[in-house]
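Structure record follows, encoded as structure tokens.
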Amino acid sequence: MEPITQKNGAVLHVEGLKKYFPIRKGFLQRVVDWVKAVDGVDVWVGPRQTLGLVGESGCGKTTVARLILRLLEKDAGSIRYKGNEIGGFTDRQMKPLRKEIQVVFQDPYGSLNPRMTIAQSIGEGLRILGIGKSQWPDRLETLLRGVGMSPDIADRYPHEFSGGQRQRIGIARALSVEPSLVICDEPISALDVSIQAQIINLLKDLQDRLGLSYLFISHDLNVVGYLCNTVSVMYRGRIVEHGPAEALFDAPAHPYTRNLLAAIPEPEPGKKKDWPSIPEEADTGLSPPAGCGYQRQCPHAEDRCESEPDRFVRVGKDHQVRCWKTAGKDSR
Amino acid sequence: MEEHPAEQTVVLDAPTAPKRTRFQEFWLLFRENRLAIAGMCIFFLFFLVALTGLVLTSGNRPVLNPSLVRLEEKLRPPLARPNLTSLRPGEVPLLGVYLFGTDDLGRDVFARMLQGAWVSLTVGFVAVGISVLVGIFMGGIAGYFGHSPVRIVHLLLAGLILAGGGLAASGGWRIGAFLTAAAGVLAVWLKRRYAHRGSAPWTIALRAKTFNVDTLIMRLVDIMLCFPSFFLILTVVALLPASIYNIMIVIGLTSWMGTTRFVRAEFLSLREQDFVLAARALGVDTLRIIFRHMMPNAVAPVLVSATIGIAGAILTEAGLSFLGFGVPPPHATWGNILSDGKQFIFDAPWLTFIPGVAILIVVLSFNLFGEGLRDVLNPKLRERH
Amino acid sequence: MDPAGGNRNDTLLSVRDLCVYFRTGDALARAVDGVGYEIRNHETVCLVGESGCGKTVSALSILGLIPQPPGEIAGGAIGFDGLDLLGLDEAGLQQIRGKRIAMVFQEPLTSLNPVFTIGDQIGEAIKVHRNGSDQAVRQRGIRLLKDVGIPSAEERFDAYPHQLSGGQRQRVMIAMALSCDPDLIIADEPTTALDVTVQAQILKLFKSLQQHRGMAVLYITHDLGVVAHVADRVYVMYAGIIVEQGFTDVIFHDPRHPYTQALLASLPTRLKRGKRLYSIPGSVPNPAYKPSGCPFHPRCRHAVQSCRNDFPDLCDYGSGHLARCPVLFEEKTKNVPWSR
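Keeping their order, the protein sequence lines are chains A, B and C. Counting with my numbering, you get residues 1 to 332 for the letters of the first sequence. Counting with my numbering, you get residues 1001 to 1385 for the letters of the second sequence. Counting with my numbering, you get residues 2001 to 2340 for the letters of the third sequence.
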């Protein structure tokens, strides 16, 4: 992907990230093939910006999050945080940086330790910052009020709270170490509709107040369209389209993006949707074809799709797509 | 409808259900199992009895004397009155009757049972304590570091430490301590200097991978499980000088395998949970994650097997004493009393009956308590997880 | 379709005043607290609500699938084509299940038995209610798989569940539900666990099946987008009661209960970029500790004193549109239009 022409000072800049998982077969467990979970992904997040990473299950977006957090070791590529290359850092080198990049998880029921009180869970972060126990009550109060919870819940256990409340507590924990970048891995997918709006508003407020950057991972295009500045669409380990949110939603260039947008049922009865007839679902067992990874599902596929190398083409300001055909049609 | 007013972020939520600690919820579920409650009561009763027994029967002038020999009073049945004419004043039993009768040396069986209770209790708890500690450690390492390879250098250092420990235990204190210390210093020095670099052939040889930590520990478990445990214990106890401490340590060191498997299984599943990932992302140390974050969640099955393990340890000790390999006389244990009484089983059946029933009640109640714990702890906690 | 929405001869299923309670410890959770809805032949009715509102419980009670301790059916009636379902014993219910009312569940991963082939499971569904030789059952099973759009149906018939994708498993579930030509299918969040493109295909499948076979569908979901596309009529549930009901376009374009309005307003779309989303303060009440009066009043912008004291009745706006909010009903006379 060509370098994103933004101003300098990226909070996060990832290039060419790859993670392959080996498939072993046979008595001697020899490696016969690789699952290319992440196959050359670029990510760019600016200060106070939100990048939306969109894709369906199995596309590799959660793996990207784990790789950036260094919870998983990458196979190739560079990860730069505020200009520093952290991809090769050892555990000891990562330790001071961990508080700068935090994460909010999808499942509110697994993200808090059931045996620790709220104070203890959030206190782990305060402990990392070196804040003495005497100051914990004040900090806890600030953090909990900041996410809309009352400070006297600090002695309770996670099982006493609902999903939305737990998610707020998880956000408070992530903020306890004062990060600059927060990776939100489907933070609202497991929540009720009315609670989703609360958490979305909360995330927005926190971004304004604390100057956070977000990498917002989701499969819900409505939320991404509402919340994000730029959007990257992932399909089977690769980014197939990237651009500013308005441009991408107004004029989606890649057939997969169009398919995704067309498939969202909108709460508008009478707007009778003609769902595109999509051929048989991707058989993830097969290894991806040469050239474009989407050609087996694409209604516009041609022979050239297999022979032409899978490259990004510009279709607008900061809007790129990995498809020679639609780019040719819509290029300016 | 007009534009919705900007809604503040501050939505002060509080849970509406009454505040209940985990313990209260646990108790509500537990108390529905009558048998388990009975087991638990007997558990605590036994504890009290053993403690009071220790107090009452120890010292130079104990309140209840378990070792006072009164040959004229031998083999008296329970609730028999002492023959006051033939006894000296200090020899009269406390309550005015022989509550459980006397044995073939005229000793008060009640006093001996109380003394033995303490032995059973200590053996049970200490042996299980040791096995749980070893099991948690091994299981935790296997579960968390499972895929990490064990390198030659690790094996060498472990070998040195074990050799040092073994030498120290069998008398060569100085050599043992020196070896262990040397191994420690060597480990630190090697890690500092050659952990990631070093291309000299000997460093490469040292860093060579052998097998996984998980494989190592699980095969060790398999090896230990190959031995029939009672016979192993018997052999070891026969070789070592007879003492209550040796028995406790040996029982403990031969029964950690079950705990290891439980803890490993729990750790394998916990390791992928989001809250552990969150702790890693925060930058919490690995050791702290294992012991402070993961261990409390993995303890539930250990508690169950520990409770049942205490029963097993008591039975084992009774068996050893019965065979003559237990705590040496004149100290009383329930197994001893049983063993002494087997010659008189027709003349004085109470000598076998009373300790036998006592063992039965204690072991049964511990088992019921442990099963009650298992029913409450396992499925419910799974839901909440 | 009869615009009056009244009780007609072709009412297939009618639920009236259903109350389902669960006893947990010392608390009584009133999961379904006086719910009534009806489904007519050939129509698709949606039950919409968030988690804990009681929609799944009410659907399970139709088929008698609520475990009776700790649950209890505390009142109400369920009528199906003249039969009183609540009065049937287990044998009677088994005659209905699968044959006349079939159910499709949410999790295709766990709804299928992993140790039996697809063919075995569809075959079992067929054999429970119809006799036939193995060959006939096999042919019918393959026919069903083709009807639900599974390619290479003959091969897939002998495959195991883990060899199929999530979408295909859900299609198999639908095939099993269709195997005995039921009059009514209850679908409990059938696409929630699936990707959005797969969901689109399944929704399309439901629509085409319904047109070809003329069944009625009770579709339970929390996704208002899905509701807009599949439903003829909608019932909105909150905390165990129906708060609004009516035809789909009326519910979306002219909602008259504060909860429905708030739900629609809080949906994020890219059209609302830059504007703050409306969010309902507070959270869904615990079914054991519901607020007095109207259960929504602690979170409602329009609440007045009477909302706390009196349980509101359904107010009739005509054409089958009813909403359980007297406060807004009075405002209706002032003819205030609603806009998102």
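Built from N, CA and C at the ideal position, the CB exists for glycine as well. All values reported here derive from a predicted model rather than from experimental measurement.
Please confirm whether proline 1093 of chain B and aspartate 1108 of chain B have their CB atoms less than 8 angstroms apart. Here residue 1093 of chain B refers to the residue found at position 93 of the second sequence. Here residue 1108 of chain B refers to the residue found at position 108 of the second sequence. Contact flag set, yes.
Chain A residues whose Cβ lies nearer than 7 angstroms to that of phenylalanine 2022 of chain C: Reading the third sequence from its first residue, position 22 is the one you call residue 2022 of chain C. Within 7 angstroms Cβ-Cβ: nothing; phenylalanine 2022 of chain C doesn't reach chain A, min ~18 angstroms.
Buried or exposed: which applies to glycine 2005 of chain C, given that a residue is buried once 16 or more other Cβ atoms fall within 10 Å of its Cβ? What you label residue 2005 of chain C is simply residue 5 of the third sequence in a count that begins at 1. Note that glycine 2005 of chain C has pLDDT 43, beneath the 50 cutoff, so the model's placement of it is unreliable and no number is given.
Please compile the residues from chain B whose C-beta is within a distance smaller than 9 angstroms of the C-beta of arginine 173 of chain A. Within the first sequence, numbered from 1, the residue matching residue 173 of chain A stands at position 173. Result: Ala1278, Leu1282.
Cβ closer than 8 angstroms: which chain A residues qualify as neighbours of asparagine 1212 of chain B? Here residue 1212 of chain B is taken as the residue at index 212 of the second sequence, counted from 1. None at all; the shortest Cβ gap to chain A is about 13 angstroms.
Status (buried if at least 16 other CB within 10 Å, exposed otherwise) for glutamine 196 of chain A: Translated into positions along the first sequence, residue 196 of chain A becomes position 196. Classification for glutamine 196 of chain A: buried.
Less than 8 angstroms between the C-beta atoms of tyrosine 235 of chain A and threonine 50 of chain A, yes or no? By 1-based counting over the first sequence, the position of residue 235 of chain A is 235. By 1-based counting over the first sequence, the position of residue 50 of chain A is 50. No Cβ-Cβ contact shorter than 8 angstroms links tyrosine 235 of chain A with threonine 50 of chain A.
Endpoints, alpha helix (DSSP H) assigned at asparagine 1083 of chain B: The residue labelled residue 1083 of chain B in the question sits at position 83 within the second sequence. From DSSP, asparagine 1083 of chain B is part of no alpha helix (DSSP H); its letter is neither H nor E.
What's the gap between the Cα of valine 2057 of chain C and the Cα of glycine 2071 of chain C? Taking the third sequence and counting its residues from 1, one reaches residue 2057 of chain C at position 57. Taking the third sequence and counting its residues from 1, one reaches residue 2071 of chain C at position 71. The alpha-carbon atoms of valine 2057 of chain C and glycine 2071 of chain C are separated by roughly 10 angstroms.
Specify the secondary structure class of cysteine 2019 of chain C as computed by DSSP and reduced to three states. Numbered from 1 along the third sequence, position 19 holds the residue referred to as residue 2019 of chain C. Cysteine 2019 of chain C falls in the strand class under three-state DSSP.
Of all the alpha helix (DSSP H) runs that stay within the bounds of the stretch 1229-1305 of chain B, which reach a length of 4 or more residues? 1229-1239, 1244-1253, 1257-1270, 1274-1282
To be precise: take each residue of the stretch 2195-2223 of chain C, compare its Cβ to all Cβ atoms of chain A, and keep it if any distance is under 8 angstroms. Which residues remain? Cβ contacts with chain A come from Asp2195, Val2196, Thr2197, Val2198, Gln2199, Ala2200, Gln2201, Leu2203, Lys2204, His2222, Asp2223.
Using CA coordinates, which residue listed in A:Arg238, A:Val177, A:Ile217, A:Gly52 is at the minimum distance from proline 40 of chain A? The count along the first sequence starts at 1 and reaches residue 40 of chain A at position 40. The residue you asked about is not proline; residue 40 of chain A is glycine in the sequence shown. Of the listed residues, the one whose Cα sits closest to glycine 40 of chain A is A:Arg238.
How is the beta strand (DSSP E) around glycine 1346 of chain B delimited, first residue to last? Indexing the second sequence from 1 puts residue 1346 of chain B at position 346. With the sequence shown as reference, residue 1346 of chain B is identified as phenylalanine, and glycine is not the correct amino acid for it. Note, phenylalanine 1346 of chain B: premise wrong, no beta strand (DSSP E); not H, not E.
Note the first and the last residue of the continuous alpha helix (DSSP H) segment covering glutamine 165 of chain A. As a position in the first sequence, residue 165 of chain A is number 165, starting the count at 1. Element bounds for glutamine 165 of chain A: 163-175.
Does DSSP put aspartate 1222 of chain B in a helix, in a strand, or in coil? Counted from its first residue, the second sequence places residue 1222 of chain B at position 222. Three-state DSSP puts aspartate 1222 of chain B in a helix.
Going by Cα to Cα distance, which pick from C:Ile2185, C:Gln2201, C:Val2243 is closest to isoleucine 2220 of chain C? Sequence index remark: in the third sequence, residue 2220 of chain C carries index 220 (1-based). Ranking the options by Cα distance to isoleucine 2220 of chain C, first place goes to C:Ile2185.
Contacts of isoleucine 200 of chain A in chain C (Cβ-Cβ under 7 angstroms): Taking the first sequence and counting its residues from 1, the one referred to as residue 200 of chain A is at position 200. In chain order: Pro2268, Leu2277.
Which of the three DSSP states is assigned to phenylalanine 21 of chain A in this structure? Locating residue 21 of chain A in the first sequence gives position 21, where the first residue counts as 1. Looking at phenylalanine 21 of chain A - three-state DSSP - the assignment turns out to be strand.
Asparagine 84 of chain A versus histidine 13 of chain A: straight-line alpha-carbon distance, rounded: Sequence index remark: in the first sequence, residue 84 of chain A carries index 84 (1-based). Sequence index remark: in the first sequence, residue 13 of chain A carries index 13 (1-based). Asparagine 84 of chain A and histidine 13 of chain A: Cα-Cα distance of roughly 9 angstroms.
If we count the other Cβ atoms within 10 Å of its Cβ and call it buried at 16 or more, is leucine 1084 of chain B buried or exposed? Mapped onto the second sequence, residue 1084 of chain B falls at position 84. Exposed: under 16 other Cβ atoms inside 10 Å.
Out of curiosity, what's the CA-to-CA distance linking proline 255 of chain A and aspartate 2158 of chain C? In the first sequence, counting from the first residue as 1, residue 255 of chain A sits at position 255. In the third sequence, counting from the first residue as 1, residue 2158 of chain C sits at position 158. Looking at the two C-alpha atoms, the distance is approximately 34 angstroms.
Is there contact here, the stretch 2307-2325 of chain C with the stretch 2242-2249 of chain C, by at least three beta-carbon pairs under 8 angstroms? yes
Counting only runs of 3+ residues fully inside the stretch 2237-2267 of chain C, write out the beta strand (DSSP E) ranges in chain order. The stretch 2237-2267 of chain C contains these whole beta strand (DSSP E) runs: 2241-2247.
Quick one: grab the DSSP three-state call for cysteine 2325 of chain C. Here residue 2325 of chain C refers to the residue found at position 325 of the third sequence. Here cysteine 2325 of chain C sits in coil by DSSP.
What residue ranges within the stretch 1086-1121 of chain B form continuous beta strand (DSSP E) runs of no fewer than 3 residues, ordered along the chain? DSSP assignment within the stretch 1086-1121 of chain B yields no whole beta strand (DSSP E) run of 3 residues or more.
Could you please give the first and the last residue of the uninterrupted beta strand (DSSP E) stretch that includes phenylalanine 1211 of chain B? The residue given as residue 1211 of chain B occupies position 211 in the second sequence. DSSP places phenylalanine 1211 of chain B inside the beta strand (DSSP E), whose first and last residues are 1209-1212.
Counting only C-beta atoms, is glutamine 1273 of chain B closer than 8 angstroms to chain A at any point? Position 273 of the second sequence, counting from 1, holds the residue named residue 1273 of chain B. Interface residue, yes.
Which residue's Cα is closest to the Cα of aspartate 2033 of chain C: C:Pro2291, C:Asp2147, C:Cys2300, C:His2302? For this step, residue 2033 of chain C is matched to residue 33 along the third sequence. Closest option to aspartate 2033 of chain C, Cα to Cα, is C:Pro2291.
Compare the C-beta of phenylalanine 27 of chain A with all C-beta atoms of chain B and state if any pair is closer than 8 angstroms. As a first step, residue 27 of chain A must be located in the first sequence, where it is residue number 27. It does not; no Cβ of chain B falls within 8 angstroms.
Could you compute how far the alpha carbon of histidine 2025 of chain C sits from the alpha carbon of glutamate 1025 of chain B? In the third sequence, counting from the first residue as 1, residue 2025 of chain C sits at position 25. In the second sequence, counting from the first residue as 1, residue 1025 of chain B sits at position 25. A quick correction: the sequence has glycine, not histidine, at residue 2025 of chain C. Distance between the alpha carbons of glycine 2025 of chain C and glutamate 1025 of chain B: 10 angstroms.
Please list the terminal residues of the continuous alpha helix (DSSP H) segment that includes aspartate 2313 of chain C. Here residue 2313 of chain C is taken as the residue at index 313 of the third sequence, counted from 1. From DSSP, aspartate 2313 of chain C is part of no alpha helix (DSSP H); its letter is neither H nor E.
Cβ pair valine 2217 of chain C, glycine 2166 of chain C closer than 8 angstroms: Numbered from its first residue, the third sequence carries residue 2217 of chain C at position 217. Numbered from its first residue, the third sequence carries residue 2166 of chain C at position 166. No, these two residues do not count as a Cβ contact at 8 angstroms.
Going straight from the alpha carbon of lysine 2146 of chain C to that of valine 45 of chain A, what length do you get? In the third sequence, the residue the question calls residue 2146 of chain C occupies position 146. In the first sequence, the residue the question calls residue 45 of chain A occupies position 45. Looking at the two C-alpha atoms, the distance is approximately 47 angstroms.
According to the neighbour-count rule (16 or more other Cβ atoms, all chains shown, within 10 Å of its Cβ), is asparagine 1065 of chain B buried or exposed? Residue mapping note: residue 1065 of chain B aligns to position 65 of the second sequence, counting from 1. Classification of asparagine 1065 of chain B: buried, given that the 10 Å Cβ count is 16 or more.
Is there a Cβ from chain B that is less than 8 angstroms from the Cβ of arginine 115 of chain A? By 1-based counting over the first sequence, the position of residue 115 of chain A is 115. At least one chain B Cβ lies under 8 angstroms of arginine 115 of chain A.
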